[in-house]
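K.L.:
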Amino acid sequence: MNSLKIKEIIKIKKENQYVKTIFFKYDENIKPGQFFMIWIPNVDEIPMSVSYIKRNIAAITFRDVGDATNKLFNFKIGDKIGIRGPYGNGFKLNREKIIFIGGGTGIATLAPAIENAYKKKFNIKIIIGFKNKNELFFDKRFGKLINNLYISTNDGSIGYHGNVTDLAKEIIKDEDCLIITCGPEIMMKKLFELFNTYQFQASLERYMKCAVGICGQCCVGHGLRVCLEGPVFDATMLKNIKDFGKYKRNESGNIKYF
Amino acid sequence: MNSLKIKEIIKIKKENQYVKTIFFKYDENIKPGQFFMIWIPNVDEIPMSVSYIKRNIAAITFRDVGDATNKLFNFKIGDKIGIRGPYGNGFKLNREKIIFIGGGTGIATLAPAIENAYKKKFNIKIIIGFKNKNELFFDKRFGKLINNLYISTNDGSIGYHGNVTDLAKEIIKDEDCLIITCGPEIMMKKLFELFNTYQFQASLERYMKCAVGICGQCCVGHGLRVCLEGPVFDATMLKNIKDFGKYKRNESGNIKYF
Amino acid sequence: MVFGGNLIDISAKIGSIKIKNPTILASGIMDQDAESIKRVFENGAGSIVTKSIGLKPKKGYLNPTFVELEHGILNAMGLPNPGINDFKQEIVKIKKYGIPVIGSIFGSTSKEFIDLALKMQKFGVDALELNMSCPHAKGYGLEIGSDPDLVYNIISNLKNTVKIPIFVKISSNLTDIIKLAKAIEDSKADGIVAINSIKAMKIDLTIRKPILSNKIGGYSGKAIKPIGIRCVYEISENVEIPIIGVGGITNGKDAIEYIMAGASAVQIGTGMYYRGIDIFNKICIEIKDWMENNNYKKLSDLIGVAHI
Amino acid sequence: MVFGGNLIDISAKIGSIKIKNPTILASGIMDQDAESIKRVFENGAGSIVTKSIGLKPKKGYLNPTFVELEHGILNAMGLPNPGINDFKQEIVKIKKYGIPVIGSIFGSTSKEFIDLALKMQKFGVDALELNMSCPHAKGYGLEIGSDPDLVYNIISNLKNTVKIPIFVKISSNLTDIIKLAKAIEDSKADGIVAINSIKAMKIDLTIRKPILSNKIGGYSGKAIKPIGIRCVYEISENVEIPIIGVGGITNGKDAIEYIMAGASAVQIGTGMYYRGIDIFNKICIEIKDWMENNNYKKLSDLIGVAHI
Ligand SMILES: Cc1cc2nc3c(=O)[nH]c(=O)nc-3n(C[C@H](O)[C@H](O)[C@H](O)COP(=O)(O)OP(=O)(O)OC[C@H]3O[C@@H](n4cnc5c(N)ncnc54)[C@H](O)[C@@H]3O)c2cc1C
Ligand SMILES: Cc1cc2nc3c(=O)[nH]c(=O)nc-3n(C[C@H](O)[C@H](O)[C@H](O)COP(=O)(O)OP(=O)(O)OC[C@H]3O[C@@H](n4cnc5c(N)ncnc54)[C@H](O)[C@@H]3O)c2cc1C
Ligand SMILES: Cc1cc2nc3c(=O)[nH]c(=O)nc-3n(C[C@H](O)[C@H](O)[C@H](O)COP(=O)(O)O)c2cc1C
Ligand SMILES: Cc1cc2nc3c(=O)[nH]c(=O)nc-3n(C[C@H](O)[C@H](O)[C@H](O)COP(=O)(O)O)c2cc1C
Ligand code: FES
Ligand code: FES
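Residue numbers (the working numbering), protein chains in the order written: chain A, 1 to 258; chain B, 1001 to 1258; chain C, 2001 to 2308; chain D, 3001 to 3308.
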């Protein structure tokens, strides 16, 4: 059984103007890339990747984009959230050379995988892209680990001027590496096309309800459940998901093109 | 969970004109003195002590007294019964000197305890009473084990002429022994009064429905459930069961004096 | 004792009835005789409901009357009971022992209910529980308890006749539980007890037959708790009279969930099978522990908080 | 293949609909799009019921819409669906894949049902399932399915309009399921599907609130099987039309129990949560194994045997 647990917020970190991290006690196993369903009482229940995995603590890092995240954003230490999970498959760190490419809050999803790869002494590069320098977060967290941290901003206010796919094109040369990405789906799709001969893993987002693979809300491709068989899909699977980078289904199940 | 299991009758033994033993496969633990609820489809479900406990086999031994036992009496090998249990506490063989006293079908209840005590090389005596020699059963089974087998019949057609309590009075001298008895409650009550300084265990019968201690049908004394805290009660408990040897409750819960 | 403000008050009140704690023995469980009832009381129950009693002795159904299931139990006892006259001696004893007791009665007509109620009152019970919800007794129970007009009439007549509080035990096997609850409130009953066991069946595959002799039985125990919670919640949204929650309670948290849904007290039946006769003491301790950990002092403060 | 008379026939027939095996995907489970439905079919389902579809796109309730419980699950999706027009492309694809599909529809008036039914028929579904039992949708589902007269009218009108078979999915949250079943039979419907999930609730103690955004949800999974079995048994005692059994089926024995109670086929929903998407294949194998061990050759010989 994997029932809802109520957690008290024990620490809050403001990553930037728009992004916060919320910490709570958690001592069961989580794989990097997995997510929780976060219940914000009276408001909503939403999926959130785990952004920190420590011995007794887990965290989520989120952007204030709507009702639920806004309420979360204004939560204080001691406030309570419900969590269920962890759900999904998580990343497979099955190569020693890994390039992580994150866009926006997708970076939160990558963070535990990056720290894991670092601990395993893998050869890693990190490329992260933002709109502008005010949106920057986790740069220090990653910078502490490695030198190979590449940043892009759309307006050039910090790092490479341009989007993350262009930066990636410049940096990635070694066909032998595994690319792991999380970010806007259009970005991931572009990367997938650019690096179509590479080992590739992308973490997808779809509207989620049950998160346990029965309601069918999050299905992509040939009936793959993002909540269960995903959110991480590899190149072989992505090739068969024709929705990838093209469309999502909304809460009603209607197709909405990106 | 202790749910109903369907068992095929694998062997039937006619013990005498009125009594049969029915064997079925069973390989879980049973303590001597415990009982099963036996479902005879379309007829009834009745409590029956376990009369044989072997490695993979158990049996019940019963007298044809009414609808259910009559149907059972006419069952053939391959016919099916439902069983649930084993229920109840069973006997405690907590003395090395034991005298078993059985009356009528109560002897079936004692049999596995007798064999157990024999295996433990305890010093045992067996006293069994019947109406007449046609009712005799298990005498060979016990006779094989020990020499100290005493039989009484009311009409003297075999063994001691008289009832089992009189025979017991003649035989039992050693205050140091444990008396274990099963049979008509009046008989057991008489023994209890006769041997009121002895270690004593008696197995009681009450009308049973749930057999798991919730319906309250089988309660005696200060709310003791014969199906759960019994059917075996020791001297200390029996002293507090004022119904013992006096009255039973019928299916409706009305008191019926013996 | 009050040490450092550590006092936790779990006493309960159902209308005018006050009990030391909110756990009540449900009808039909180990409550056929005074001695059993005393034993349950000594194991911590705040009050006891008797077996449902009718005018005449009733054998109930033939065995099998009980089946254990994976997530609960199934029973079709068929309202066995010694009849109201024989039951007098039990009530008299129970009252001699000083146990707060609720007399459960069932009848098929208003007159039967009145006869039974008057006798129960005379014997000395503290309150009555009308069983209008037995899921498998023909002509009684649910067959009556599913007709709000009939229920209203029976209770109104009773309220004109007896003085002790009247609780009405209802079923979840209803299209519209709210309508019934309102009829009960309108009839001036003192409380609603919800829920009785739920109509269900178990078929044995090898024998190819329903196991219970009555075929259909009542499902109780852990599996039915979410249904009971829903009923109590819905009722409590719609009526003001006290509610006693029953169904699938096996631990302190279950009891608190019912109380938050709107129950003033709870009854425990099948839970005894899972946790033993001292389930009442256990649940009281668990309630207190939970309250202590969550900084609550009075259990009654939690009644219905899930509606706020 | 027939080797040594070893053939075990688990094909099923629901009125005029023939399917290769008796396991059908229940409505609302992984059946929002054609590709998911194809995947379930490839995992062994004999047929598939679509998500319940209405006239217009519907978002359903806000999350939480799902809670896992100890003995089952609770959901209050709120009938989310893309609307009948958008759903056309899914049905067309499903039929292109050659999958026997039952189109589930819900409406609040007879006219709505007719509009939906005509479209579903045009798109090519093999049969219709009328959802008259959703436990938590206001103005739909159970609110309609608890009124036998209304149900009779809606179905009669539909039977005059569409040609494909009509199955009617009903709830156990009824005072008198037999009355409803008879009204459905009288209306000339082709079969009854029983049961939908059961009205229930879960309150979180710390937050002190019902977890589901809709508060009340539908209880499904293992815990509800004995209730579903009872409903199918009761219905099958009283009507002649085929019954499809649903509720808490997780293995082959559960399916056989429903069939013995009177079901011609079964639907599986929550079971997928417990045993994965290939639960259909697994259950078919388990049914065959059981039949082999018990010397049965044709599953259809077992329909309703528990009544004999
Ligand atoms: C597997 C997964 C992991 C995610 N991890 C993160 C993360 O680590 N950090 C982060 O900031 N965001 C993450 N998201 C996105 C996050 O769930 C949405 O930002 C959040 O749901 C917005 O809710 P809202 O009420 O604040 O905004 P709303 O205004 O309600 O919605 C804004 C958008 O969020 C999306 N959304 C809303 N509800 C859901 C839902 N139940 N399921 C999926 N999407 C929804 C929709 O696309 C919607 O258009 C993740 C999403 C998924 C599917
Ligand atoms: C713990 C226990 C162990 C028993 N062990 C044995 C045994 O090993 N061998 C044996 O022959 N008998 C045993 N009995 C007695 C046996 O249960 C009855 O003989 C049997 O139930 C008779 O059923 P019937 O339908 O054939 O007769 P009926 O005509 O129905 O009943 C005859 C009498 O049997 C008793 N009886 C009937 N149903 C029940 C019931 N559900 N619970 C208790 N008593 C009932 C009643 O006293 C009744 O008056 C035991 C009883 C108990 C309580
Ligand atoms: C064996 C048994 C007998 C019961 N007998 C009665 C009864 O006589 N009258 C009554 O109102 N309810 C009776 N019930 C129902 C219980 O009082 C209770 O409402 C139901 O079992 C649900 O609660 P639980 O899950 O705690 O058992 C009986 C239940 C069981 C299990
Ligand atoms: C998540 C979920 C969504 C459901 N949606 C629908 C629906 O749209 N229409 C419907 O008729 N039943 C719906 N149901 C009910 C199921 O089809 C089924 O009747 C019920 O869950 C009992 O079966 P089960 O125990 O096998 O799940 C839904 C059930 C679940 C769990
Ligand atoms: S969210 Fe329900 S199947 Fe993925
Ligand atoms: S038979 Fe039910 S309590 Fe003993």
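C-beta: ideal position from N, C-alpha, C; glycine also. If you're wondering where the values come from, they're calculated on a predicted model, not measured in any experiment.
(1) At a CB distance below 8 Å, what residues from the region 3015-3037 of chain D approach chain A? Give them in sequence order.
(2) What are the partner residues of ILE99/A, as DSSP defines its beta bridges?
(3) Using the three-state DSSP reduction, which class does TYR2152/C fall into: helix, strand or coil?
(4) Could you tell me the distance, in whole angstroms, from the CA atom of TYR3273/D to the CA atom of GLY3221/D?
(5) Taking a Cβ distance cut-off of 8 Å, strictly less, list which residues of the region 3194-3221 of chain D are near chain C, in chain order.
(6) Which residues, in chain order, does the region 3238-3267 of chain D contribute to contact with chain C at a C-beta distance below 8 Å?
(7) For GLN1217/B, go through chain C and note every residue whose CB falls closer than 7 Å to its CB, in chain order.
(8) Apply the 10 Å Cβ neighbour rule to ASP1155/B and answer buried if 16 or more other Cβ atoms are within range, or exposed otherwise.
(9) Where DSSP assigns a beta bridge to ALA1059/B, which residues make up the other side?
(10) Under 8 Å, Cβ to Cβ, is there at least one residue of chain G near ILE1046/B?
(11) Considering only their Cβ atoms, is the gap separating GLY216/A from ILE3029/D smaller than 8 Å?
(12) Under a Cβ-count criterion, where at least 16 other Cβ atoms within 10 Å of its own Cβ denotes burial, should VAL2002/C be classed as buried or exposed?
(13) Identify, in the order they occur along the chain, each residue of the same chain with its Cβ nearer than 8 Å to the Cβ of GLY3078/D, setting aside the five sequence neighbours on each side.
(14) Is it true that the CB of TRP39/A sits closer than 8 Å to the CB of ILE9/A?
(15) Kindly list, in the order they appear in chain D, the residues whose Cβ is closer than 7 Å to that of ASN2173/C.
(16) Around ligand 6, which residues pass a check of Cβ closer than 7 Å to any of its heavy atoms?
(17) Quick one: is the Cβ of SER49/A within less than 7 Å of any heavy atom of ligand 1?
(18) Of all the beta strand (DSSP E) runs that stay within the bounds of the region 2108-2176 of chain C, which reach a length of 3 or more residues?
(19) What's the gap between the Cα of ILE2259/C and the Cα of ILE3073/D?
(20) Once the 5 residues before and after CYS177/A are set aside, which same chain residues still bring their CB inside 6 Å of it?
(21) Terminal residues of the continuous beta strand (DSSP E) containing VAL2101/C?
(22) Please list, in chain order, the chain D residues whose beta carbon lies closer than 9 Å to that of TYR2233/C.
(23) Do LEU1238/B and PHE1200/B count as a contact pair if the criterion is CB distance below 8 Å?
(24) Measure how close the beta-carbons of ASN1250/B and GLY1221/B come, nearest whole angstrom, since I'm counting them as under 8 Å.
(25) Less than 8 Å between the C-beta atoms of ALA1113/B and LEU1145/B, yes or no?
(26) Rounding to the nearest angstrom, what Cα-Cα distance links PRO3210/D and SER2172/C in this structure?
(27) Using the three-state DSSP reduction, which class does ILE2029/C fall into: helix, strand or coil?
(28) Which residues, in chain order, does the region 196-221 of chain A contribute to contact with chain D at a C-beta distance below 9 Å?
(29) 8 Å is my cut-off, CB to CB: does LEU3062/D come that close to chain A?
(30) Using the DSSP secondary-structure output, state which residues sit across from SER3264/D in a beta bridge.
(31) Consult DSSP for THR153/A and reduce its assignment to one of helix, strand or coil.
(32) Given a cut-off of 8 Å, decide if GLY1104/B and GLY1183/B are closer than it, judged by their beta-carbon atoms.
(33) Between ILE186/A and chain D, is the shortest Cβ-Cβ distance under 8 Å, so that the two count as touching?
(34) When DSSP labels each residue in this structure, what does LEU1224/B get in the three-state scheme?
(35) If the criterion is Cβ atoms closer than 8 Å, does the pair VAL3125/D and GLY3103/D meet it?
(36) Run through chain D and tell me which residues come within less than 8 Å of GLU251/A, C-beta to C-beta.
P.N.:
In short, the structure shows the following:
(1) GLY3028, ILE3029, MET3030, ASP3031, GLN3032, ASP3033, GLU3035, SER3036 and ILE3037
(2) LYS125/A and ILE179/A
(3) Of the three classes helix, strand and coil, the one that applies to TYR2152/C here is helix, per DSSP.
(4) 9 Å
(5) ILE3198, LYS3199, ALA3200, MET3201, LYS3202, ILE3203, LEU3205, THR3206, ARG3208, LYS3209, PRO3210, LYS3215, ILE3216 and TYR3219
(6) LYS3253, ILE3256, GLU3257, MET3260 and ALA3261
(7) GLN2032
(8) exposed
(9) PHE1023/B and TYR1052/B
(10) The chain labelled as chain G is not found among the protein chains of the depicted structure, namely A, B, C and D.
(11) Yes, they are a contact pair.
(12) Confidence in VAL2002/C is poor, its pLDDT being 42 and thus under 50, which makes the residue's placement unreliable; the coordinate value appears in the next sentence. The residue in question, VAL2002/C, is exposed, as its Cβ has fewer than 16 Cβ neighbours within 10 Å.
(13) Around GLY3078/D: LYS3058, LYS3059, GLY3060, TYR3061, THR3065, HIS3136, ALA3137 and ASN3214.
(14) Taking a C-beta distance under 8 Å as the contact criterion, ILE9/A and TRP39/A do not qualify as a contact pair.
(15) Here the neighbours are THR3175.
(16) MET1208/B, LYS1209/B, CYS1210/B, ALA1211/B, VAL1212/B, GLY1213/B, ILE1214/B, CYS1215/B, GLY1216/B, GLN1217/B, CYS1218/B, CYS1219/B, ARG1225/B, VAL1226/B, CYS1227/B, LEU1228/B and MET2030/C
(17) SER49/A has its Cβ nearer than 7 Å to a heavy atom of ligand 1.
(18) The qualifying runs are 2127-2131 and 2166-2170.
(19) In a straight line, the C-alpha of ILE2259/C is about 22 Å away from that of ILE3073/D.
(20) LYS97 and ILE99
(21) 2101-2105
(22) MET3201, ILE3203, PRO3210, LYS3215 and ILE3216
(23) yes
(24) That pair is no contact at about 18 Å.
(25) no
(26) 19 Å
(27) coil
(28) Going along the region 196-221 of chain A in chain order, one finds MET208, LYS209, CYS210, ALA211, VAL212, GLY213, ILE214, CYS215, GLY216, GLN217, CYS219, VAL220 and GLY221 with a Cβ nearer than 9 Å to chain D.
(29) yes
(30) Answer is none; SER3264/D lacks a bridge partner.
(31) strand
(32) yes
(33) no
(34) strand
(35) Yes, the Cβ-Cβ distance between VAL3125/D and GLY3103/D is below 8 Å.
(36) LYS3059, GLY3060 and PRO3080
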